[in-house]
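Sequential numbering of the sequence shown, starting at 4, is according to the working numbering. Using N, Cα and C, we set each Cβ at its ideal position, and we do this for glycine too.
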Amino acid sequence: MNRLALVFVGPLLAISLTVQAEGTQAVPLELLRAMALTESGAQIGEAYRPWPWTLNVRGRGMRFGSRENAWRALTRLLAANVTNIDIGAMQVNWHWHNKKLGSPWEALEPGNNLRVAHSILTSELQRTGDLWKAVGAYHSYDPNRADAYVRRVARNVLRIRAARDRSEDLS
4 MNRLALVFVG PLLAISLTVQ AEGTQAVPLE LLRAMALTES GAQIGEAYRP WPWTLNVRGR
64 GMRFGSRENA WRALTRLLAA NVTNIDIGAM QVNWHWHNKK LGSPWEALEP GNNLRVAHSI
124 LTSELQRTGD LWKAVGAYHS YDPNRADAYV RRVARNVLRI RAARDRSEDL S
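Quick look at the structure:
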């Protein structure tokens, strides 16, 4: 049984998440981290990290200081019949994945958000048979948008590896 873990760290926030991998094809942990950075990355102090209390509506990203504040904004948007909303560290789209996300409160729970994103990525991997095509499809089925997204994620994979290598050099 595969297990994946992803850690988000922000001001007063340290959340360790474990995801039960579905299927036989593994998704590398550094790829999920790179996707989270691509989706919701924010400069927090000296570090660039995913931010779990992020919403995006029509290309406008909104970061909140707490889950409760993000939830209030999300429920207001939904009450106004706005449903094309990307939610959380992995920016899972409410319109397409609300049944998987559960309630608006659950959608903002970092572990749930990551599990749903992992499920979407795993489904795309099974459909495409190629990890990078699955990454592109996670973002968009439009080939140009998917390719641009894959390039951004790949840059973040390289950043993660470089940071890991610098850290290993110091130990």
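Review point. What distance in whole Å lies between the Cβ atoms of H98 and V119, which are believed to be in contact at a cut-off of 8 Å?
Key: About 13 Å; that fails the 8 Å criterion.
Review point. In the structure shown, what three-state DSSP assignment does T57 receive?
Key: strand
Check your understanding: If you draw a straight line from the alpha carbon of T125 to that of L104, how long is it in whole angstroms?
Key -> 16 Å
Exercise for review: Check whether the Cβ of G48 lies closer than 8 Å to any Cβ atom in chain B.
Suggested key: Among the chains of the structure shown, chain B does not appear; only one protein chain is present.
Review point. S43 and P31 look like a contact to me (Cβ under 8 Å); what is the Cβ gap, rounded to whole Å?
Key: That pair is no contact at about 19 Å.
Practice item. Would you kindly check if the distance between the Cβ of L40 and the Cβ of R88 is under 8 Å? Key: Note on identity: in this sequence residue 88 is Ile, with Arg being the wrong assignment. Not in contact: I88 and L40 (Cβ atoms no closer than 8 Å).
**Study point:** Of the listed residues K102, P113 and N96, nearest to S69 (C-alpha basis)
**Key:** P113
Practice item. Just mark R36 as buried or exposed, buried being the case when its beta carbon has 16 or more other beta carbons within 10 Å. Key: buried
**Study point:** Boundaries (first-last residue) of the alpha helix (DSSP H) holding G91
**Key:** Careful: G91 lies outside any alpha helix (DSSP H) and carries neither H nor E.
Point to revise | Alpha-carbon spacing of L111 relative to V156, whole angstroms | key: 22 Å
Review point. Taking buried to mean at least 16 other C-beta atoms within 10 Å of its own C-beta, is G139 buried or exposed?
Key: buried
Review point. Would A29 be called buried (16 or more neighbouring beta carbons within 10 Å of its own) or exposed?
Key: exposed
**Study point:** Contacts around E109, its chain only, beta-carbon distance under 7 Å, and the 5 residues preceding and following it disregarded
**Key:** N115
**Study point:** 7 Å Cβ shell around A137 - same chain, five flanking residues per side excluded
**Key:** L124, E127, L128 and T131
Exercise for review: Could you have a look at A166 and say whether DSSP puts it in helix, strand or coil?
Suggested key: helix
Review point. By DSSP, does G26 sit in helix, in strand, or in coil?
Key: Low per-residue confidence applies at G26: pLDDT is 43, beneath 50, and the placement is therefore not dependable enough to give any value.
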